[in-house]
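Accompanying notes for the structure given below.
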Amino acid sequence: MDDFFTGLVAPKVVVVGNKTILQGAQWQTQLFCNATGHPKPEITWFFYKDGKTIQVNTAGSELQGDPDRCKKRTDDFYFLRRNAPEHLVICNPKKRHTGEYKCRAVNPLDKKEGSAFINVQSEYSVYVLHFQPSLFLHVSIISLWWCLVLVNYNL
0 MDDFFTGLVA PKVVVVGNKT ILQGAQWQTQ LFCNATGHPK PEITWFFYKD
50 GKTIQVNTAG SELQGDPDRC KKRTDDFYFL RRNAPEHLVI CNPKKRHTGE
100 YKCRAVNPLD KKEGSAFINV QSEYSVYVLH FQPSLFLHVS IISLWWCLVL
150 VNYNL
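Numbering-wise (numbering that gives the first Met the number 0), the sequence shown opens with residue 0 and increments by one.
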């Protein structure tokens, strides 16, 4: 909805960031919210998981424009720059960060949302073990195969 007489333009939102990542494989992942309108919309990020809604990073801590600063940060949400919530950065993404992220853009004329989904998969290892029966056991020749999957849930 636009108001021709006052010059107001309702927000439009596009969120970039749907992705699947492997936990421990990268220091950070980013979401970008492109919100336009007049006046410039205010942006707020929300995280939806297991039926709960969490407003992300209300304090607005930031990485001073350098996502590599995630290497020294805890696994949490940060903005790339102060007072610029368009870039949401998840430092050291863990399985607990899997879920839907919504960017809400609000100006006096309207409110719009866009969303992206982040899927953080746990690291896992698969070991296949083969056991031969002992020669001391009088058992017909049988091979036993076992599969062991180790999962690092580090939530």
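No residue lacks a Cβ here, since even glycine has one placed at the ideal position from N, Cα and C.
Look at residue i and residue j and say whether their C-beta atoms are less than 8 Å apart.
i    : j   : result
A104 : I42 : yes
P84  : W26 : no
R80  : G64 : yes
V15  : A34 : no
S60  : K94 : no
G50  : V8  : no
K18  : I89 : no
Y96  : Q29 : Checking the sequence shown, residue 96 turns out to be His, not Tyr. No, the pair does not count as a contact, with Cβ atoms beyond the cut-off.
N82  : P10 : no
P92  : I20 : yes
Taking residue i as the reference, which of the options has the closest Cα?
i    : options                : result
G23  : D74, G16 and G36       : D74
K101 : Q54, P38 and G36       : Q54
L108 : G16, P40, I117 and F31 : P40
E112 : F31, V119, T19 and K18 : F31
F46  : P38, F76 and C69       : F76
K110 : P38, D67, N82 and K70  : P38
Sort out for me which residues DSSP pairs residue i with in a bridge.
i   : result
Q22 : Answer by DSSP bridge pairing: none, since Q22 is not bridged.
H37 : V8
Check whether the Cβ of residue i lies closer than 8 Å to any Cβ atom in chain B.
i   : result
R72 : The chain inventory of the structure shown lacks chain B, comprising one protein chain alone.
Beta strand (DSSP E) segments (min. 3 residues) lying fully within the segment 41 to 86: 41 to 48, 51 to 54 and 76 to 80
Contained beta strand (DSSP E) runs [length at least 3] in the segment 98 to 127, N- to C-terminal order: 98 to 106 and 109 to 120
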